[in-house]
Structure formats: C-alpha cells, structure tokens
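A.B. asks: Here it is: the structure, laid out below.
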Amino acid sequence: MEFGFIIPAAIWLAAFLALAVVLFQASRKAEKEGRKSRHLMWMAAASLALGGAAIPAAIQFIATEGKMWWAGAPLAFIALALGFQSIRVERPKGPALATFREKSAAVSVAAILLIYGWATVGVLQAPLELEGAFGFLVGTSVMMIIVMALSHTVLAILREPEKQDERDKLVGWRSTRNGYVVMTVGVWAVLALVFAQAPLGVLAYALLGLFVLAELVRLASELVYYRLAV
Amino acid sequence: MTQASSNRISNTIRTLRFMHGEMTQQELADLVDVTRQTVVAIEQGRYAPSLEIAFRIAEVFQCKMEEVFQYQAPEKGKKAKK
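As given, the protein sequences belong to chains X and C, one line each in that order. Numbered per our numbering, the first sequence spans residues 14 to 243. Numbered per our numbering, the second sequence spans residues 5 to 86.
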C-alpha cells in the first residue's frame with residue numbers, strides 16, 4: 014500500500030484550514046464594520062468543506078485501495094453547514110408564522126417522505142441481496158444526514174431559532190411517547206419475523222422501516238400538537 | 005373571552021393586551037419568556053399553560069390570576085375531556 018500521498022494531502026489540508034481561518038477572520042471584520050460578507054461566507058464554508066472532506070476521503074482511499082474516495086462528502090456537507098452557521102447573517106425579526114421546531118418537524122417529514130419514499134419504491138421494484146441491502150441502509154442514512162444538516166442550516170440562517178419553552182417541551186414529550194409506542198409494537202413485529210426465520214435482508218429492511226415509521230409518527234405528532242392542541 | 009373546549013379553562017388575555025396599550029403577542033411573549041406561538045395557543049385556548057407561566061402573565065397585567073384565567077367545572081355526571 015502506498016503512503017506517499019500523505020504528505021501532499023497533509024499540506025493540502027493545512028493550506029485549506031489556514032485559508033478557512035483567514036476567511037473567517039476577514040468575514041468577522043467585515044461584519045463588525047457593517048459590510049455584507051456573503052461572498053466571504055461562501056468561500057469560508059467551501060474551504061472548510063474541502064479541507065474537512067480530505068480526512069475521510071484519504072482514509073477511504075487507503076482502506077479501499079483507491080475506491081470510495083467520495084466518502085468524504087458527508088463531512089464536507091457538515092463542514093459547509095458549520096461554515097454557514099458560524100457566520101452571522103442578517104435575519105428578519107418580525108413575528109414568525111411558526112417556530113423553528115415546528116418548521117424543523119415539517120422539513121424533516123418532507124425529507125423522510127422524499128428520501129425513504131424514493132428508496133422504498135426502488136426496493137419494491139428490484140429487491141436487493143443482503144450485501145446490497147447494507148449499502149442501501151448506509152446510503153439512505155447518509156443522504157438523510159446531508160439533507161437534514163443542509164435544510165436545518167438554511168432554516169437557522171433565515172430566522173434565528175427561538176429558545177425552547179414549556180409548550181415545546183410538552184409537545185416533544187408527547188410526540189416521543191407516540192413514536193415510542195410505534196417502536197415497541199414494531200420491535201415485536203420484527204421479533205416475529207426473526208422467529209419466522211425471515212431472510213436477513215428482509216430483517217434489515219424491516220428494522221430500517223420501523224425506525225423511519227417511528228420517526229415519522231413522532232414528527233407528525235409534533236406538527237399536529239403544534240397546530241391543534243396539546 | 006376565549007375558552008378551551010378540552011380543558012374548560014378560558015382566558016381574557018386578548019382583552020387585557022388591548023387594555024395595556026395594545027400590547028402585541030410578541031411583546032407579551034418576551035415578557036413572559038415563551039414563544040409568540042405559545043401566547044397564540046394560550047389565547048386561542050389550544051394550550052393551558054403551567055402555573056408559573058399563568059402567574060407570570062397575571063404579573064405582566066398586574067392583576068389577579070382569576071382575572072386572566074377562569075375555570076369552568078364540568079357538570080355533575082359528565083367527565084371532563086382528557
């Protein structure tokens with residue numbers, strides 16, 4: 014296995030990190046002086062993302078002998094999100110139609126329906142073998158993380174999240190209870206599949222489906238409690 | 005007066021806000037330390053606040069809690085809705 018690329022990769026990483034620090038400082042200075050720093054924000058986030066992606070990309074490059082270098086993408090997206098969040102942007106201050114938590118629940122429901130709905134259609138059309146099922150589980154989960162990180166970052170940029178109050182907590186508790194009921198029933202259903210000696214691939218899909226369903230019930234409950242009564 | 009159909013607790017917050025210099029929901033929310041949406045839910049009777057928040061609201065309007073919140077006991081033989 015070749016390790017010759019480590020030194021140039023480290024230099025590349027260090028250069029990007031240094032660039033990110035310089036850009037952050039420049040953007041903060043611009044902000045203090047009342048100048049808009051959106052272009053700096055973009056550059057800082059992008060440099061952070063490229064730098065952050067280098068580590069997992071290098072690890073994957075070594076572990077898979079040149080394949081799967083794209084594994085740095087999730088970290089790149091997280092770094093992008095951090096880049097955006099660490100720089101303040103002017104946000105409107107008037108009354109909001111919904112709280113950050115309510116919007117977050119709505120966006121999460123949409124993301125789950127979109128990603129897992131699309132994945133379910135794919136699986137139903139062409140069921141995967143066990144090896145494929147593992148890749149499918151990891152792939153959809155990573156996609157969810159990326160979409161959630163980006164959408165919540167955008168939400169936070171558009172309007173400052175409010176402090177959680179007692180109603181938010183009550184809504185959260187009751188919604189989690191509803192999700193937990195689904196999870197408990199689902200675990201028994203999956204156990205029944207185990208005793209029925211269902212194939213491992215089916216069990217994997219069933220487990221993922223169960224988590225998704227429980228999360229959907231929790232988030233949908235939040236939306237209902239926020240809009241109707243708690 | 006707004007009454008919550010579920011918990012038989014009604015309130016006069018909207019009137020009190022009007023009488024206190026047309027205080028906005030956001031201003032009340034800031035004074036009580038909750039979100040504006042929680043004030044909206046309380047006003048519409050969709051949420052019965054904790055005792056602490058109820059006392060804080062009464063304190064903002066400088067009146068007794070009974071002037072802000074009213075409780076209507078269920079009729080005998082009828083169970084209060086959950």
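Built from N, CA and C at the ideal position, the CB exists for glycine as well.
State buried or exposed for X/Ile158, treating a residue as buried only when at least 16 other CB atoms are found within 10 Å of its CB.
C.D. replies: Numbered from 1 along the first sequence, position 145 holds the residue referred to as residue 158 of chain X. Counting Cβ neighbours within 10 Å, X/Ile158 comes out exposed, since fewer than 16 surround it.
A.B. asks: Mind listing which residues of the stretch 166-180 of chain X have their C-beta closer than 7 Å to chain C's C-betas, in chain order?
C.D. replies: Glu175, Asp178, Glu179, Arg180
A.B. asks: Measure from the C-beta of X/Ala119 to each C-beta in chain C and report whether the shortest distance is under 8 Å.
C.D. replies: Mapped onto the first sequence, residue 119 of chain X falls at position 106. Answer no: the Cβ-Cβ gap between X/Ala119 and chain C never drops below 8 Å.
A.B. asks: In chain C, which residues lie less than 7 Å from X/Val243 when you measure between Cβ atoms?
C.D. replies: Along the first sequence, one-based indexing puts residue 243 of chain X at 230. Neighbours of X/Val243 on chain C, chain order: Tyr51.
A.B. asks: To the nearest angstrom, how far is the alpha carbon of X/Arg114 from that of C/Ser14?
C.D. replies: The residue you call residue 114 of chain X lines up with position 101 of the first sequence. The residue you call residue 14 of chain C lines up with position 10 of the second sequence. About 27 Å.
A.B. asks: Rounded to a whole number of angstroms, what is the C-alpha to C-alpha distance between X/Leu127 and X/Val237?
C.D. replies: For the purposes of this step, residue 127 of chain X is identified with residue 114 of the first sequence, where counting begins at 1. For the purposes of this step, residue 237 of chain X is identified with residue 224 of the first sequence, where counting begins at 1. So the two alpha carbons sit approximately 20 Å from each other.
A.B. asks: Going by C-alpha to C-alpha distance, which of X/Gly148, X/Ala118, X/Thr153, X/Val207 sits closest to X/Gly130?
C.D. replies: Mapped onto the first sequence, residue 130 of chain X falls at position 117. When the alpha-carbon of X/Gly130 is set against those of X/Gly148, X/Ala118, X/Thr153, X/Val207, the nearest one is in X/Thr153.
A.B. asks: Are any of the Cβ atoms in chain X nearer than 8 Å to that of C/Val38?
C.D. replies: Stepping through the second sequence from its first residue, residue 38 of chain C is reached at position 34. It does: the Cβ of C/Val38 has a partner Cβ on chain X nearer than 8 Å.
A.B. asks: Output yes or no for whether 8 Å exceeds the beta carbon distance between X/Val243 and X/Leu171.
C.D. replies: Against the first sequence, residue 243 of chain X aligns to sequence position 230. Against the first sequence, residue 171 of chain X aligns to sequence position 158. Cβ atoms of X/Val243 and X/Leu171: not closer than 8 Å.
A.B. asks: Could one say the Cβ of X/Thr153 lies closer than 8 Å to chain C's Cβ atoms, at least one of them?
C.D. replies: The count along the first sequence starts at 1 and reaches residue 153 of chain X at position 140. False, the Cβ-Cβ gap to chain C never drops below 8 Å.
A.B. asks: Measure from the C-beta of C/Ile17 to each C-beta in chain X and report whether the shortest distance is under 8 Å.
C.D. replies: As a first step, residue 17 of chain C must be located in the second sequence, where it is residue number 13. Chain X contact via Cβ: absent.
A.B. asks: For C/Ala77 and C/Glu70, what's the separation of their Cα atoms in angstroms?
C.D. replies: Indexing the second sequence from 1 puts residue 77 of chain C at position 73. Indexing the second sequence from 1 puts residue 70 of chain C at position 66. C/Ala77 and C/Glu70 have their alpha carbons spaced roughly 14 Å apart.
A.B. asks: Measuring straight from C-alpha to C-alpha, what distance separates X/Ile125 and C/Glu26?
C.D. replies: As a first step, residue 125 of chain X must be located in the first sequence, where it is residue number 112. As a first step, residue 26 of chain C must be located in the second sequence, where it is residue number 22. So the two alpha carbons sit approximately 42 Å from each other.
A.B. asks: Short of 6 Å in beta carbon distance, which residues of its chain neighbour X/Ala227, apart from the five on each side in sequence? Order them along the chain.
C.D. replies: Looking up residue 227 of chain X in the first sequence gives position 214. Excluding residues within five positions, the ones whose Cβ falls inside 6 Å are Gly192, Val195, Met196.
A.B. asks: So, C/Leu32 versus C/Val43, is the Cβ gap smaller than 8 Å?
C.D. replies: For the purposes of this step, residue 32 of chain C is taken as residue 28 along the second sequence, with counting starting at 1. For the purposes of this step, residue 43 of chain C is taken as residue 39 along the second sequence, with counting starting at 1. For C/Leu32 and C/Val43, yes; Cβs fall inside 8 Å.
A.B. asks: In the DSSP assignment, what are the bridge partners of C/Tyr75?
C.D. replies: The residue labelled residue 75 of chain C in the question sits at position 71 within the second sequence. For C/Tyr75, which the question treats as bridged, DSSP gives the partners C/Ile13.
A.B. asks: X/Glu235: which of X/Phe208, X/Ser188, X/Val225, X/Val200 sits nearest, CA to CA?
C.D. replies: One-based indexing of the first sequence puts residue 235 of chain X at position 222. Taking only the C-alpha atoms, the option nearest X/Glu235 is X/Ser188.
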